Amino acid sequence: MSTREASLHDGIDGKVALVTGAGRGIGAAVTNALLAAGATVAAADLLIQPSTPRGAVPYLLDVRDAGEVDDVVAAVERDLGPIDILVNVAGVLLPGSVEETDLEQWQQSIAVNASGVFLVSRAAAARMMPRRRGAIVTVSSNAASTPRMGMAAYAASKAAASAFTRCLGLELAGHGIRCNVVSPGSTDTDMLRALHGSKSKTLAEAWKTTINGDLTTYRLGIPLGRVAAPHDIADAVLYLASDRARHVTMHDLVVDGGATLQA
Ligand SMILES: NC(=O)c1ccc[n+]([C@@H]2O[C@H](COP(=O)([O-])OP(=O)(O)OC[C@H]3O[C@@H](n4cnc5c(N)ncnc54)[C@H](O)[C@@H]3O)[C@@H](O)[C@H]2O)c1
Numbered sequence: 010m011s012t013r014e015a016s017l018h019d020g021i022d023g024k025v026a027l028v029t030g031a032g033r034g035i036g037a038a039v040t041n042a043l044l045a046a047g048a049t050v051a052a053a054d055l056l057i058q059p060s061t062p063r064g065a066v067p068y069l070l071d072v073r074d075a076g077e078v079d080d081v082v083a084a085v086e087r088d089l090g091p092i093d094i095l096v097n098v099a100g101v102l103l104p105g106s107v108e109e110t111d112l113e114q115w116q117q118s119i120a121v122n123a124s125g126v127f128l129v130s131r132a133a134a135a136r137m138m139p140r141r142r143g144a145i146v147t148v149s150s151n152a153a154s155t156p157r158m159g160m161a162a163y164a165a166s167k168a169a170a171s172a173f174t175r176c177l178g179l180e181l182a183g184h185g186i187r188c189n190v191v192s193p194g195s196t197d198t199d200m201l202r203a204l205h206g207s208k209s210k211t212l213a214e215a216w217k218t219t220i221n222g223d224l225t226t227y228r229l230g231i232p233l234g235r236v237a238a239p240h241d242i243a244d245a246v247l248y249l250a251s252d253r254a255r256h257v258t259m260h261d262l263v264v265d266g267g268a269t270l271q272a
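In our numbering, the protein residues as written are 10 to 272.
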């Protein structure tokens, strides 16, 4: 047996990380986990929210804005040092059937969930390449690969984010940079609560339906019998950002309790 002592924090302690969508939910959990592992974290979000983790350095950032993305990435490197880890978490869910979805909602979904990942990853990668090190993790969704009722725009935007991140991994492998995807299923955050609220269900009813499944909408339920907590997703992100995943790139790690039968 190897005597090498490996910890989940290998390759994270002392590093600089940029997290988008860090103000709440999964982004805040990722930020807290990186801080606990010893990283210096730039917490970028559209809004500075009260739930922004203490100890992180907040930056206002709209990931849809190419100029702002370049300015914030430059500011993070100037203020905190070279970015070693980028985690793309910022996202929006604008639910609705295709018939109900207007062009603006479609474009919003693509702008944040797909173009935002492209812009921030491109800006960070350009700085990582000459240094020949770095790890990029994109939080996508299991809806990227499994059709969901009322989520066509969201699923399409997430499929684009996943495919982009895996192609980036191929382009950057020769530069020593790894790019991976984490695809969560239902996770207890404001985004999921707002989705259930829009269907005017109580939270208890919504959780029960999510866990048991609903064949009227072709959802199977969650075999592991629980809705994920944000830190369940953060754990997977931390692994992929760490040196323990040093031989893992272009991977899509599904963290959905088996909901899409591929975990
Ligand atoms: N919660 C779930 O069930 C679930 C499931 C699968 C995937 N996801 C994905 O995980 C990620 C985080 O989701 P969450 O549930 O924590 O959502 P959330 O709505 O609670 O948090 C999203 C964060 O992204 C920020 N954001 C939105 N638009 C932005 C923009 N243009 N620029 C910068 N920041 C912006 C918001 O201000 C917010 O702080 C999203 O990409 C989401 O699609 C969530």
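Virtual Cβ for every residue (Gly too), placed ideally from N, Cα, C.
From a predicted model like this one, the values you see are computed outputs, not experimental measurements.
- With the rule of 3 Cβ pairs closer than 8 Å, the stretch 95-115 does not count as touching the stretch 57-66.
- Between ligand 1 and Ala132, a heavy atom-to-CB distance of less than 7 Å is absent.
- For the pair Asn151 and Ala268, the CB atoms are nearer than the 8 Å cut-off.
- Beyond the five residues adjoining it in sequence on each side, Leu249 comes within less than 8 Å, by CB distance, of Ala144, Val146, Arg187, Asn189, Val191, Val257, His260, Leu262 in the same chain, given in chain order.
- As a beta-bridge residue in DSSP terms, Met160 pairs with Gly105.
- Between the alpha carbons of Ala172 and Ala51 lies a distance of about 25 Å.
- Burial check for Ser195: the Cβ neighbour count within 10 Å reaches 16 or more, so the residue is buried.
- Looking at the backbone, the Cα of Leu70 and that of Ser124 are separated by about 14 Å.
- At a threshold of 7 Å, Ser195 counts as near ligand 1, since its beta carbon sits closer than that to one of the ligand's heavy atoms.
- Inter-residue distance for Ile35 and Gly183 is about 30 Å (C-alpha atoms, whole angstroms).
- In the pairwise beta carbon analysis, the stretch 80-92 is classified as touching the stretch 18-30: at least three pairs are separated by under 8 Å.
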